[in-house]
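One point on numbering: in full-length UniProt numbering, the residue at position 211 of the sequence shown is 211, and numbering is uninterrupted. Take a look at the structure below.
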Amino acid sequence: CLPCNAGNFSRFSGQSFCSSCSAGTYSTSGQSSCKTCATGSYSRGGSSSCMSCPPGKKPDWSWSRCESCPGGQYLPSWSTTCESCGAGRYSSSGATVCLTCPAGTFWPYEGTGCLACDYGTWSLAGSSSCQGCSSASFSNLKPLTCSCPPGNSWSIGSTSCTPCAAGKYSNGTAPCEYCPPGQYSPNTSSTNCSVCGNGTYSTWYGSTHCQTC
1 CLPCNAGNFS
11 RFSGQSFCSS
21 CSAGTYSTSG
31 QSSCKTCATG
41 SYSRGGSSSC
51 MSCPPGKKPD
61 WSWSRCESCP
71 GGQYLPSWST
81 TCESCGAGRY
91 SSSGATVCLT
101 CPAGTFWPYE
111 GTGCLACDYG
121 TWSLAGSSSC
131 QGCSSASFSN
141 LKPLTCSCPP
151 GNSWSIGSTS
161 CTPCAAGKYS
171 NGTAPCEYCP
181 PGQYSPNTSS
191 TNCSVCGNGT
201 YSTWYGSTHC
211 QTC
C-alpha cells in the first residue's frame with residue numbers, strides 16, 4: 001500500500017484512493033483524517049498546511065481565504081470576530097483599532113469618518129453628537145470651544161456674538177443684562193454699568209443715562 005500524499009487522507013483500510021482535505025483543514029503524508037486550521041488561519045482544499053491571515057483580516061465563511069472587516073469595524077489581534085467601533089469612533093476597512101473623532105467633530109453610528117460640528121455647536125473628542133453653545137457664547141466652523149468677548153451675548157443657533165445694547169451689559173459668561181436702577185450704560189458692548197453720580201438718578205432697569213434731581 002502507498003501512503004496518501006500530504007493534503008489528502010484515507011479514512012478506512014483497503015481503500016483504492018485518497019480524498020482531499022477540505023478548505024480550512026490540512027494533513028501531512030499518510031494520514032487517516034485532516035486537522036482543522038488554527039484560529040486566524042486558513043487553507044484551500046488539498047493543503048498540507050495552513051496560512052495565517054495578516055493583521056486586520058480573518059478567515060471568511062469558507063475558511064479558504066482571508067477577508068477584511070468593513071469600515072466602521074475593527075478586528076482585535078486576539079479575535080476572529082469583527083467588532084463595531086460604535087459612536088464617536090471610526091475606522092477604514094481592515095482596521096485593527098478604531099480611531100476617536102477629534103474635538104469639534106462627531107459621529108452617531110458605526111462609520112468610516114466623522115462630521116464637523118455646525119456653527120453654534122461644539123464637541124469633545126469621541127462625541128456622538130454636538131452640543132449647542134450655552135448662552136453668551138458662540139462657535140465658528142469646526143469649533144473646539146464656545147466663547148464671546150465681554151460686552152457681547154449669544155443665543156442658540158447664532159454664528160457670531162451680538163453686542164449688548166445700550167442700557168445692558170455682559171462680562172462674556174452670561175447673557176446681556178439690564179443695568180439695575182441707580183446705574184446706566186450709554187454705549188453698546190458694555191462690560192459693566194456706571195453708577196449715577198451725585199445729584200443724578202435712574203429709576204428703571206436698562207437706563208442709558210441718569211436724570212438730574
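Every residue gets a Cβ at the ideal spot worked out from N, C-alpha and C, and that includes glycine.
Have a look at Cys196 and Cys130 and give me their C-alpha separation to the nearest angstrom. 44 Å
Going by DSSP, what residues sit across from Tyr178 in a beta bridge? Lys168
Assuming Gly104 and Ala116 are in contact, meaning their beta carbons sit under 8 Å apart, how far apart are those beta carbons, in whole angstroms? 6 Å
Could you please give me the residues that DSSP links to Asn152 through a beta bridge? Pro163
Measure the C-alpha to C-alpha separation of Gly199 and Gln211 and round it to an integer number of angstroms. 8 Å
Based on Cα-Cα distance, which residue from Gly151, Gly113 and Pro175 lies nearest to Asn187? Gly151
Are the Cβ atoms of Gly72 and Ser64 separated by less than 8 Å? no
Grouping DSSP H, G and I as helix and E and B as strand, with all else coil, what is Ser19? strand
Considering just the uninterrupted stretch of the beta strand (DSSP E) at Cys66, what are its terminal residues? Element bounds for Cys66: Cys66 to Ser68.
Output the distance between the C-alpha atoms of Ala125 and Cys98, rounded to the nearest integer angstrom. 13 Å
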